[in-house]
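Chemist:
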Amino acid sequence: MASDIIAIYPGSFDPLTNGHVDIIQRGSGLFDRIVVAMLVNIEKAPLFTVAERVEIAREVFGRYPNVEVDTFDGLLVEYARRRKASVIVRGLRAISDFEYEMQMALMNRHLNPEVETVFMMPAEPYTYVSSRLVKEVVALGGSVTNLVPAVVEARLREKKHARETLKA
Ligand code: PNS
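Going left to right, the sequence shown walks through residues 42 to 209 as the numbering used here numbers them.
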């Protein structure tokens, strides 16, 4: 009997966008289990703590029986090995993503040839959405409605309010 196909969807998710949500939904239809794996030690200072990022993703995907939210540190392929995952999922929005993604996929294949990277394209409305731009737009007073889950929008507003109150 063929064993379950477990996929890891790794990233910073600072914060989760509707582009990420779209990829996770597509992945949950393709694989037996998809593990949304949040990198703990992001190089740049994150806006959301890892606990907050996990809480948000669990709130969004709580009702998906084959979506799991977890954290990881260290080498991604080692985490995949521990989780018995044979697939790494990455989203590709545009050609500009390709070079970095190809390098990562080939480095991961060099480190562990048994794990295959699968690229998925998000729905067109999300091809220009990135966590970095979402944070910038909110910090400058713009709206990100429909670009991130409602819980993320609310949390972004809370963070902005907290920062403004501290400054005042
Ligand atoms: O959403 P991001 O920030 O583009 O995700 C990047 C991530 C977390 C997938 C990448 O930084 C990663 O896999 N880090 C773990 C460290 C690792 O395994 N490095 C070598 C693989 S190229």
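Even glycine gets a Cβ: it sits at the ideal position worked out from N, Cα and C.
Does DSSP classify Tyr141 as helix, strand or coil?
Modeler: Of the three classes helix, strand and coil, the one that applies to Tyr141 here is helix, per DSSP.
Chemist: At 4 residues or longer, and completely inside the segment 57-98: list those alpha helix (DSSP H) runs for me, N to C.
Modeler: 59-71, all fully within the segment 57-98.
Chemist: Can you pull every residue whose C-beta falls closer than 6 Å to some heavy atom of the ligand PNS, listed in chain order?
Modeler: Spelled out in chain order, the answer is Pro51, Gly52, Ser53, Leu80, Leu116, Leu117, Met145, Met148, Asn149.
Chemist: Please work out which residues of its chain come closer than 6 Å, Cβ to Cβ, to Gly60, disregarding the five sequence neighbours upstream and downstream, and give them in chain order.
Modeler: Once the five neighbours on either side are set aside, the close Cβ partners of Gly60 are Pro163, Tyr167, Val170.
Chemist: Taking the alpha-carbon positions, what's the Glu199 to Arg134 distance?
Modeler: Roughly 29 Å separates the two Cα atoms.
Chemist: Is the segment 125-144 touching the segment 96-107, taking contact as three or more C-beta pairs under 8 Å?
Modeler: With the cut-off at 8 Å, the segment 125-144 and the segment 96-107 do not touch.
Chemist: Just to confirm, is the Cβ distance from Glu109 to Val159 under 8 Å?
Modeler: No, the Cβ-Cβ distance between Glu109 and Val159 is not below 8 Å.
Chemist: Candidates Ile65, Glu177, Lys176, Asp114: which alpha carbon is nearest Arg104's?
Modeler: The candidate whose alpha carbon is nearest that of Arg104 is Ile65.
Chemist: For Asp55, count neighbouring C-beta atoms within 10 Å of its own C-beta (all shown protein chains included) and say buried if the count is 16 or more, exposed if not.
Modeler: Looking at its Cβ environment, which holds 16 or more other Cβ atoms inside 10 Å, Asp55 is buried.
Chemist: What's the gap between the Cα of Arg150 and the Cα of Gly68?
Modeler: Their backbone Cα atoms lie some 20 Å apart in a straight line.
Chemist: Would you tell me roughly how many angstroms separate the C-alpha atoms of Pro190 and Gly183, rounded to the nearest one?
Modeler: Cα to Cα, the separation comes out at about 16 Å.
Chemist: Per DSSP, which residues does Pro51 bridge with? Please list them.
Modeler: Answer by DSSP bridge pairing, in chain order: Ala78.
Chemist: Taking its Cβ as the centre, do 16 or more other Cβ atoms sit within 10 Å of Arg173, making it buried, or is it exposed?
Modeler: It counts as exposed.
Chemist: Taking the continuous beta strand (DSSP E) assigned at Glu109, which residues delimit it?
Modeler: First-last of the beta strand (DSSP E) with Glu109: 108-113.
Chemist: Report buried or exposed for Lys208, applying the criterion of at least 16 other Cβ atoms within 10 angstroms of its Cβ.
Modeler: Looking at its Cβ environment, which holds fewer than 16 other Cβ atoms inside 10 Å, Lys208 is exposed.
Chemist: Under 8 Å, do Glu157 and Val128 count as touching if we go by C-beta distance?
Modeler: Cβ distance < 8 Å, so Glu157 and Val128 count as in contact.
Chemist: Can you name the residues that DSSP bridges to Arg131?
Modeler: DSSP, once it has assigned bridges, lists Phe160 as partnering Arg131.
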